[in-house]
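In the UniProt record's numbering, the protein residues as written are 1 to 629. Cβ atoms here follow ideal geometry from the backbone N, Cα and C, with glycine treated the same way. Report on the following structure.
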């Protein structure tokens, strides 16, 4: 057996000893004597008798080890023109001071703090300050609509809200204070105080319950780390739910710290003093795990980037950041690379930057189509690692663990389950399907450390949403298959499997075919209602910049391409060239919203949408071609 196989078997056959060994990399105030508490199964708890402080592990211990002058965090903001660095010693001082601000405002262990901020260092400082005193932070993506923000305020019941006067989205300055004030007005829960970071692009008018960040921190007394039970929550992160009410994913302290520390070496091959650039947002799970906590837990340098992959000001910004800071591992979403490819199809802008230190590119957040994989791989000449995980899991489920043993890549697959994850594929009857047969992807319980132990104040909903369909298994909500080599192929959400005249077809397979066309930058396929076949697929594509071919000619070629690659059974006869696809701020295409509009439903527009005008521009196309039963 290879290194990967031995690690995976050890983690699934003897999970307690595997994770207790991993826990030795964390500094504990009270080391755990056992790894797993199954007494309340299926609500498992990891390291039940351990006590630690996550902020101490992420910041203070590196200073105490004599590495206080190493750079911990780099802030790079092409949209504001600001660049700055924080050593571990400086970060400790900033975090301790803001922890003092929170403590002075009455925030203590178990209290919640809602953070509504843009991609600025103070967002990470606020998160770590909460961890320092045992408070539970809930980060909400900056610029969220007031109603959605109010819903989260009412669910988390924060004692204090931390925000900024504005955010910068591309070339737009978005004042946050009016949005926040309206959310506070709508919310039933009334918090105590609001701390506002004033930014020069748009200063906010402060009210009687508002404190200026600079004034508050200037008079603060630094606060030490508080030991916290490993099973206590570190944060709440909201993700969409099928009922319209968001689900508050809970992350515990001990399991999260252990799993993230382990993943940095085993999955991403990043260690002390090395630099990781994760192009995401602290409002999403990727930002929580791999901008803020994981890199700092191992003593690495993390890059916090406030900008876009293109347009701020060009499609070469990722390459600039990687070169300027000698980045070893980059992590972003496939959407970002498709955006770069659309603007710079030949990747010419890489020539302006020295990328010799860049060893790995990791992509996640949505399915990585093989065409984008091949383009990135050919352009950079380094391993391009697709990996798959969710807000709920906190760290990757399936990946190519380059720090353990890199495996041959199969485009379209994020490779094999990581140690800790026992992944299966079931049919509707709860039976395991043969290799190569598509079904529901599930994970055998208990889930490993770092994954959600429950939902905030709602154990019943946690069980009903994730654990009730297949006894003893976590339902991921994704469909796919496992091949004969154990490689997992994630084809899309369960509701992205369409039924065409009795044939179960994956829209992901059709998207994969469309993406191979040389003129296609990105695409989406949805299933819409059809009186004869139940459902039929419809394709939407965005062409690469500079394409001058007739739209009708390209559409005809795409229909032929899918027929050729998948067969007539795919029944894809409707492909439309569009200017843009609607996406969330994290880059996920809103296929469900498109499908609802195409089916003539009164489909609500999610609060997470990046640009509502894109979906409005698509409505006539979706409605004009709609086929109703």
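- For residue 212, the beta-bridge partners assigned by DSSP are 196.
- For residue 276, the pairing in a beta bridge is given by DSSP as 302 and 329.
- Rounded to whole angstroms, the Cβ separation of residue 371 and residue 516 is 5 Å, and the two are in contact under 8 Å.
- In terms of Cβ geometry, residue 256 and residue 450 form a close pair [threshold 7 Å].
- At a cut-off of 3 residues, the continuous stretches assigned as beta strand (DSSP E) that sit fully inside the region 401 to 476 are 423 to 426 and 439 to 444.
- Residue range 317 to 324 is occupied by the alpha helix (DSSP H) that includes residue 317, with no beta strand (DSSP E) assigned at that position.
- Uninterrupted beta strand (DSSP E) stretches at least 3 residues long and entirely within the UniProt domain "Acetyl-coenzyme A synthetase N-terminal" (4 to 58) do not occur.
- Under the 8 Å Cβ criterion, the region 338 to 355 does not count as touching the region 294 to 303, having fewer than three qualifying pairs.
- In the three-state reduction of the DSSP assignment, residue 262 falls in the helix class.
- For the beta strand (DSSP E) assignment, the uninterrupted runs of no fewer than 3 residues enclosed by the region 140 to 211 are, from N- to C-terminal side, 160 to 164, 166 to 169, 172 to 175 and 193 to 197.
- In the structure shown, residue 523 adopts extended strand secondary structure according to DSSP, grouped into three states.
- For residue 344, same chain residues with a beta-carbon under 6 Å away, outside a window of 5 residues either side, are 315 in chain order.
- Residue 266 and residue 311 have their alpha carbons spaced roughly 34 Å apart.
- Contact between the region 28 to 48 and the region 94 to 113 is absent: fewer than 3 CB-CB pairs across the two stretches fall below 8 Å.
- Secondary structure note for residue 85: its beta strand (DSSP E) is the uninterrupted segment 82 to 87.
- Pairwise C-beta distances place the region 177 to 192 out of contact with the region 88 to 95, as fewer than three of them are shorter than 8 Å.
- With at least 16 other beta carbons inside 10 angstroms of its own, residue 11 counts as buried.
- At the C-beta level, residue 86 and residue 63 stay beyond 7 Å of one another.
- The alpha-carbon separation between residue 75 and residue 480 amounts to approximately 38 Å.
- Residue nearest to residue 618 within the set 577, 586 and 426 is 577 (criterion: CA-CA distance).
- For the pair residue 554 and residue 573, the CB atoms are not nearer than the 7 Å cut-off.
- DSSP, reduced to helix, strand and coil, places residue 399 within a strand of the structure shown.
- In the same chain as residue 44, and ignoring 5 residues on each side of it, the C-beta atoms closer than 8 Å to its own belong to 36, 37, 38, 445, 446, 447 and 453, in chain order.
- Beta-bridge partners assigned by DSSP to residue 490: 480.
- DSSP places residue 295 in the helix class (H, G or I) of the three-state scheme.
- For residue 592, the three-state secondary structure derived from DSSP is helix.
- Residue 102 sits in a helix when the DSSP states are folded into three classes.
- Per DSSP, residue 577 lies in no alpha helix (DSSP H) segment; the continuous beta strand (DSSP E) that holds it begins and ends at 575 to 577.
- Contact between the region 402 to 414 and the region 369 to 386 is present: 3 or more CB-CB pairs across the two stretches fall below 8 Å.
- By the CB criterion at 7 Å, residue 385 and residue 362 fall inside the cutoff.
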